[in-house]
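Okay, structure first, notes after.
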Amino acid sequence: MNKPVLSVRQLSVTHRLSGRVVNVLDQVSFDLHQGEILALVGQSGSGKTKTAESILGLLPPDRWDISAQAIELNGSDLAALPESGLRKIRGRSISMIFQEPLTALDPVFTVGNQLCSVFTRHRGQRRREAQTSAQAALGRVGFPDPGHVMRRYPHQLSGGMRQRVMIAMAMACRPSILIADEPTTALDVTTQAQVLDQLVQLGQKDGVSLLLITHDLGIVAQYCDRALVMLDGKIVEQASVEELFANPRHVYTKALLNSAAGAKPK
Amino acid sequence: MRYALNKIFHGLLLVLGVTLISFILMVWFGPDQTYSLVGKNATAEQIAEVRHELGYDRSFALRYAGYLKQLFTLDLGSSHSSGEPVNSILARTIPVTLALMVPGFVLGNLLGIALGLLSVQQKGRWTDRLITGFSVSSMSISFLVIIILMQVILSTPYGLNLFPVRGWQVNDPGSYLKYVAVPTLSLIFITLGYNTRFYRAVFAEEAGRDHIRTARAYGASTATILWKHVLKNSLVPIITRFMFSIPLIVVSGSLLIESYFGIPGIGKVTFDAITSGDQPVLKAVVGLTAIAFVLIQVLTDFLYKLVDPRIG
Ligand SMILES: Nc1ncnc2c1ncn2[C@@H]1O[C@H](COP(=O)(O)OP(=O)(O)O)[C@@H](O)[C@H]1O
Ligand SMILES: [Mg+2]
Numbered sequence: 001m002n003k004p005v006l007s008v009r010q011l012s013v014t015h016r017l018s019g020r021v022v023n024v025l026d027q028v029s030f031d032l033h034q035g036e037i038l039a040l041v042g043q044s045g046s047g048k049t050k051t052a053e054s055i056l057g058l059l060p061p062d063r064w065d066i067s068a069q070a071i072e073l074n075g076s077d078l079a080a081l082p083e084s085g086l087r088k089i090r091g092r093s094i095s096m097i098f099q100e101p102l103t104a105l106d107p108v109f110t111v112g113n114q115l116c117s118v119f120t121r122h123r124g125q126r127r128r129e130a131q132t133s134a135q136a137a138l139g140r141v142g143f144p145d146p147g148h149v150m151r152r153y154p155h156q157l158s159g160g161m162r163q164r165v166m167i168a169m170a171m172a173c174r175p176s177i178l179i180a181d182e183p184t185t186a187l188d189v190t191t192q193a194q195v196l197d198q199l200v201q202l203g204q205k206d207g208v209s210l211l212l213i214t215h216d217l218g219i220v221a222q223y224c225d226r227a228l229v230m231l232d233g234k235i236v237e238q239a240s241v242e243e244l245f246a247n248p249r250h251v252y253t254k255a256l257l258n259s260a261a262g263a264k265p266k
Numbered sequence: 267m268r269y270a271l272n273k274i275f276h277g278l279l280l281v282l283g284v285t286l287i288s289f290i291l292m293v294w295f296g297p298d299q300t301y302s303l304v305g306k307n308a309t310a311e312q313i314a315e316v317r318h319e320l321g322y323d324r325s326f327a328l329r330y331a332g333y334l335k336q337l338f339t340l341d342l343g344s345s346h347s348s349g350e351p352v353n354s355i356l357a358r359t360i361p362v363t364l365a366l367m368v369p370g371f372v373l374g375n376l377l378g379i380a381l382g383l384l385s386v387q388q389k390g391r392w393t394d395r396l397i398t399g400f401s402v403s404s405m406s407i408s409f410l411v412i413i414i415l416m417q418v419i420l421s422t423p424y425g426l427n428l429f430p431v432r433g434w435q436v437n438d439p440g441s442y443l444k445y446v447a448v449p450t451l452s453l454i455f456i457t458l459g460y461n462t463r464f465y466r467a468v469f470a471e472e473a474g475r476d477h478i479r480t481a482r483a484y485g486a487s488t489a490t491i492l493w494k495h496v497l498k499n500s501l502v503p504i505i506t507r508f509m510f511s512i513p514l515i516v517v518s519g520s521l522l523i524e525s526y527f528g529i530p531g532i533g534k535v536t537f538d539a540i541t542s543g544d545q546p547v548l549k550a551v552v553g554l555t556a557i558a559f560v561l562i563q564v565l566t567d568f569l570y571k572l573v574d575p576r577i578g
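Protein chains in written order, with the working numbering: chain D, 1 to 266; chain G, 267 to 578.
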């Protein structure tokens, strides 16, 4: 197997609010290998989104405590980086796509503006140059008229289109890792397949390793190489997808598979 | 285009509504001036004649139309107490009030915005607590205490004695600064707590939105987050607060500041007109305030469309 691009060791996260402390993640450890598509499955509230957010250091420190032995990205430890260092990683080495396409983009700026700022920020491009790059990025995710989409505001696009804009933004800097947090849960079934196909194809073309968060075992079976099963903030099982479907070990995994009868690995 | 027509139509309806209310309260049910004009022992004919001259024998609709005509042609008559034409009173006092109130109003809001942003940036840390504590405690200090303290500290021999306590002898930029300084500082301190608390709440809500997480996930700095995303998304509530404070500040704020600093602005004129029952002045002030309110509303709607692409 390829060497890991991302290596998470003993990641624990607690939430503090007026004296009450809740353990949200408990000693989460896993590897994401070069070029692989790794599924993170688990029911709603199990801690999938918080896993992604804490890798990127997005949880506000006034309410969240994050501790990890290491979060290694290509050999350097993100857990030891200060905020300024993390900012250089975010959207450049690790990108993230969110569950809700309706609210994930800023409603009062155009798609072009938001896309361009990734190029000016991480690639040091000037306005003109960034606009050309942004149009090219939109072209790559299949928009026939990128110039037109650039001038649109998020509310003027459909859910599927917004999610494709997010994919364009995520791929803008050819990251090593893309975390997609239930990217199609909010979309209708036909759009779901289009968006996922696009995501996976682009990812393979660019050699991106994908952490795909989902609670849909059909998606896991169809697209993923390996899977992590999360329950109440712990990873209770990890295996190749074939093995997981053929020989689930944890009772929770068995229950999941039973409730999703019909899903078969590719 | 249809939108604009629609807005103008709504504006006109509003103008009719508010002027109708002010007409009913101020003119139709207002004081009867007949007896102060006819003198003692008047005959019934004399009384009828005066009433005819004052227009009291005409129908409600005609008198309302007359009132509207007065307002829109700015043919507002003369003050009963001084005999000065109302137009010239307004032309003399409104600029004074604007010159007096605008700096404090604008600075108070800008400072509130700056403190609100700083507070949200430092959320949960001691700067935030300090600002929040300051806002809450300053809101509990009476405006009277603030004005008197300002006057004592800045304008009396007990304090720095830098500025005049009262009055408005303004004839050049230097004297303007001298007379506007203390009222402006007072106004800023009276409103700053409220402004800061309001803006902090708005910014905190906007800072918690999903798209803020997206911006952070793509490497945006705190400055970009606050000054670009949070601020622009907060413009609708900011505009609302700013615009709808204008009538309040001009009418009641100036009444307060002008009476404590002895400044001859529209607030003082209104106050005097109320106490002496000076009808033509009151009619003009109330009617024009109503029209100004409607204009502000139309302008506000237009500004909303400018800052938020989802509106319209
Ligand atoms: N804003 C929050 N405040 C308090 N607790 C939260 C918040 N967001 C998430 N949690 C806690 O973290 C747990 C994991 O949340 P999350 O990672 O969003 O789950 P998932 O993405 O798997 O649905 C939730 O069960 C909840 O208890
Ligand atoms: Mg989630």
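Glycine included, each C-beta is placed from N, C-alpha and C at the ideal position.
Handout entry: Interface partners of Gly382 of chain G on chain D, CB under 9 Å
Key = Here residue 382 of chain G refers to the residue found at position 116 of the second sequence. Simply none; closest approach about 17 Å.
Practice task
Note down the Cα distance separating Ser345 of chain G from Thr339 of chain G, rounded to an integer number of angstroms.
Solution key: Locating residue 345 of chain G in the second sequence gives position 79, where the first residue counts as 1. Locating residue 339 of chain G in the second sequence gives position 73, where the first residue counts as 1. Thr339 of chain G has its alpha-carbon roughly 17 Å from the corresponding atom of Ser345 of chain G.
Exercise for the section: Report whether the distance from the Cβ of His477 of chain G to the nearest heavy atom of ligand 1 is below 7 Å. Expected result: Taking the second sequence and counting its residues from 1, one reaches residue 477 of chain G at position 211. False, no ligand heavy atom lies under 7 Å from that Cβ.
Exercise for the section: Kindly list the residues whose CB is nearer than 6 Å to the CB of Arg16 of chain D, restricted to its own chain and excluding five residues on each side of it in sequence; keep chain order. Expected result: Position 16 of the first sequence holds residue 16 of chain D. The residues are Arg63.
Practice task
State yes or no: is the C-beta of Leu187 of chain D within less than 8 Å of the C-beta of Gln163 of chain D?
Solution key: Translated into positions along the first sequence, residue 187 of chain D becomes position 187. Translated into positions along the first sequence, residue 163 of chain D becomes position 163. Going by C-beta atoms, Leu187 of chain D is nearer than 8 Å to Gln163 of chain D.
Practice task
Identify whether Lys273 of chain G lies in helix, strand or coil by the three-state DSSP scheme.
Solution key: Counting from 1 along the second sequence, the entry for residue 273 of chain G is found at position 7. Helix at Lys273 of chain G.
Problem - For Gly433 of chain G and Ser518 of chain G, the rounded distance between their alpha carbons - result: Within the second sequence, numbered from 1, the residue matching residue 518 of chain G stands at position 252. Within the second sequence, numbered from 1, the residue matching residue 433 of chain G stands at position 167. C-alpha separation (whole angstroms): 19 Å.
Problem - Min CB distance Arg121 of chain D to chain G below 8 Å - result: Counting from one through the first sequence, the residue named residue 121 of chain D turns up at place 121. Output row for Arg121 of chain D: interface = yes.
Handout entry: Segment limits, alpha helix (DSSP H) that includes Trp392 of chain G
Key = Residue 392 of chain G sits at position 126 when you count from the first residue of the second sequence. For Trp392 of chain G, the enclosing alpha helix (DSSP H) begins and ends at 392-405.
Practice task
Report yes or no: is there a C-beta of chain D within less than 8 Å of the C-beta of Pro575 of chain G?
Solution key: Translated into positions along the second sequence, residue 575 of chain G becomes position 309. So, interface residue.
Problem - Strand pairing of Asn22 of chain D, partner residues [DSSP] - result: Residue 22 of chain D sits at position 22 when you count from the first residue of the first sequence. Position check: residue 22 of chain D holds Val in this sequence, whereas Asn was assumed. Looking at the DSSP output, Val22 of chain D bridges to D:His15.
Exercise for the section: Would you mind working out which of G:Ala270, G:Asp544, G:Asp476 sits nearest Ser302 of chain G, comparing C-alpha positions? Expected result: Taking the first residue of the second sequence as position 1, residue 302 of chain G is located at position 36. Minimum Cα distance to Ser302 of chain G is reached at G:Asp544.
Handout entry: Bridge-paired residues (DSSP) for Pro351 of chain G
Key = Against the second sequence, residue 351 of chain G aligns to sequence position 85. The partner list for Pro351 of chain G (beta bridge, DSSP) reads G:Ser344.
Handout entry: Endpoints, the alpha helix (DSSP H) within which Ala447 of chain G is located
Key = The residue you call residue 447 of chain G lines up with position 181 of the second sequence. Element bounds for Ala447 of chain G: 439-473.
Handout entry: Ser240 of chain D, enclosing beta strand (DSSP E) - first and last residue
Key = As a working note, residue 240 of chain D is residue 240 in the first sequence. That run of the beta strand (DSSP E) goes 234-240.
Exercise for the section: Inspect the CB distances between the region 527-538 of chain G and the region 477-490 of chain G and report whether three or more fall short of 8 Å. Expected result: no
Handout entry: Residue range of the unbroken beta strand (DSSP E) whose run includes Arg152 of chain D
Key = As a first step, residue 152 of chain D is located in the first sequence; it is residue number 152 there, counting from the start. Per DSSP, Arg152 of chain D belongs to no beta strand (DSSP E) and is neither H nor E.
Handout entry: First through last residue of the alpha helix (DSSP H) which encompasses Ser594 of chain G
Key = Outside the shown range of chain G, which is 267 to 578, sits residue 594 of chain G, and nothing can be said about it.
Problem - N- and C-terminal bounds of the beta strand (DSSP E) containing Val41 of chain D - result: Within the first sequence, the letter at position 41 stands for residue 41 of chain D. In the DSSP assignment, Val41 of chain D falls within the unbroken beta strand (DSSP E) covering 37-41.
Practice task
Put Trp64 of chain D into one of helix, strand or coil per three-state DSSP.
Solution key: The sequence position of residue 64 of chain D within the first sequence is 64, counting from 1. In the structure shown, Trp64 of chain D sits in a strand (DSSP, three-state: E or B).
Handout entry: Distance CB(Leu381 of chain G)-CB(Ile397 of chain G) smaller than 8 Å
Key = Taking the second sequence and counting its residues from 1, the one referred to as residue 381 of chain G is at position 115. Taking the second sequence and counting its residues from 1, the one referred to as residue 397 of chain G is at position 131. Closer than 8 Å, so yes.
Practice task
Consider the Cβ of Gly19 of chain D: report whether some Cβ of chain G lies at a distance smaller than 8 Å.
Solution key: Taking the first residue of the first sequence as 1, we reach residue 19 of chain D at position 19. For Gly19 of chain D, the answer is no, since every Cβ of chain G falls outside 8 Å of its Cβ.
Practice task
Starting from Ala327 of chain G, trace the alpha helix (DSSP H) both ways and give me its first and last residue.
Solution key: Residue 327 of chain G sits at position 61 when you count from the first residue of the second sequence. Element bounds for Ala327 of chain G: 326-338.
Exercise for the section: Say yes only if the C-beta of Glu182 of chain D is nearer than 7 Å to one or more non-hydrogen atoms of ligand 2, and no if none qualify. Expected result: Against the first sequence, residue 182 of chain D aligns to sequence position 182. Yes; taking the cut-off as 7 Å, the Cβ of Glu182 of chain D has a heavy atom of ligand 2 nearer than that.
Exercise for the section: Can you give me, in chain order, the residues of the region 197-221 of chain D that have a beta carbon less than 9 Å from any beta carbon in chain G? Expected result: If the cut-off is 9 Å between Cβ atoms, the region 197-221 of chain D has nothing near chain G.
Practice task
Mind checking the region 495-516 of chain G against chain D and listing, in chain order, the residues whose C-beta falls within less than 7 Å of any C-beta there?
Solution key: His495, Lys498, Asn499
Problem - For Asp181 of chain D: DSSP bridge partner residues - result: Along the first sequence, read from residue 1 onward, the residue named residue 181 of chain D stands at position 181. In DSSP, Asp181 of chain D forms a bridge with D:Ile213.
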